[in-house]
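Novice:
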Amino acid sequence: MITRLFDCASDHAIDGLGPVTAVKVGSRKGKCQGSQPRLRLQIRMVSVQSQLSPFGHRLRDWRRQRGLSQLQLASLAETTPRHVSFIETGRSRPGRDLVLRLAECMHLPVRDRNELLALAGLPPAFAERELDEEELRPFRVAVEAMLRKHEPYPACAFDGLGRVRMANAPFGVLWPGAMDASPEDAVDAL
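Residue numbers (numbering that gives the first Met the number 0): 0 to 189.
1. Output the distance between the C-alpha atoms of E77 and L99, rounded to the nearest integer angstrom.
2. State the start and end residues of the unbroken beta strand (DSSP E) segment that holds R164.
3. Going by DSSP in three states, F125 sits in which element: helix, strand or coil?
4. What separation, rounded to the nearest whole angstrom, lies between the Cα atoms of V142 and L118?
5. Determine, using beta carbons only, whether P122 and L116 come nearer to each other than 8 Å.
6. State the Cα-Cα distance for the pair P175 and L51, rounded to the nearest angstrom.
7. Considering only C-alpha positions, which residue in the set L146, R164, V172, Q64 is nearest to C104?
8. If you draw a straight line from the C-alpha of F157 to the C-alpha of T88, how long is it?
9. For A119, does the three-state DSSP call read helix, strand or coil?
10. Take L173 as the anchor and find which of G55, G161, A154 has the nearest alpha-carbon.
11. Residue range of the alpha helix (DSSP H) that A73 falls in?
12. Does the distance from the C-beta atom of L58 to that of L101 stay below 8 Å?
13. Are P93 and I86 closer than 8 Å when you measure CB to CB?
14. Let's test the definition: count the other Cβ atoms within 10 Å of the Cβ of F54 and tell me whether it reaches 16, buried, or not, exposed.
15. Taking just the CA atoms, how far does G171 sit from H66?
16. Just how far apart, CA to CA, sit D184 and H82?
17. Secondary structure at A154, three-state DSSP: helix, strand or coil?
18. Should L135 go down as buried or exposed, given a rule of 16 or more other Cβ atoms within 10 Å for buried?
19. Please return the same chain residues whose Cβ sits closer than 7 Å to the Cβ of P151, not counting the five positions on each side in sequence.
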């Protein structure tokens, strides 16, 4: 709330304050031009309902899902509860280091950390690679070997989103089309 002294109850324009309401809270004795009293007015800012930023909305969802208060999260991330509140409401924009600290404190998976960074307008910190890339060849070979050793029993390998990425021959016989199924359909079939 802003208290301001106006002379002669004149209609002064108040630039940059947005919509305001003025209420007379008292007057002083004295004269000024035109014999009007000096008025002391309280101006109440009528705040426009601020919308949560996409980042702030997602951060609040994760924080609540983890059962943390703003104070607890701020303490874990070594920042202030006020800053966490400002970030959630969109009044402040977080830096890269803070986004990563908040994500680390909530033990978020790497994919979700990248999502938070993207929502904050920052580049991803962790590269996402396809299983077919040359850099992942040793891991792909290891998974293929495990699937072959599991034969004659059906076996498959899922990715982080629940999609079937690799399967052995018995799995393909039992569940044809599982490789092309959505994660929900794949789980239902199993």
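Using N, Cα and C, we set each Cβ at its ideal position, and we do this for glycine too.
Specialist: On the basis of the data shown:
1. Going from the Cα of E77 to the Cα of L99 covers about 12 Å.
2. 163 to 166
3. Three-state DSSP puts F125 in coil, outside helix and strand.
4. So the two alpha carbons sit approximately 33 Å from each other.
5. In contact: P122 and L116 (Cβ atoms closer than 8 Å).
6. 45 Å
7. Q64
8. 37 Å
9. coil
10. A154
11. 69 to 76
12. yes
13. yes
14. Taking a 10 Å sphere around the C-beta of F54, we find 16 or more other C-beta atoms and assign the residue as buried.
15. Looking at the sequence provided, one finds Gly at residue 66 rather than His. Distance between the alpha carbons of G66 and G171 is about 41 Å.
16. 42 Å
17. coil
18. Only exposed fits L135, as fewer than 16 other CB atoms lie within 10 angstroms of its CB.
19. P169
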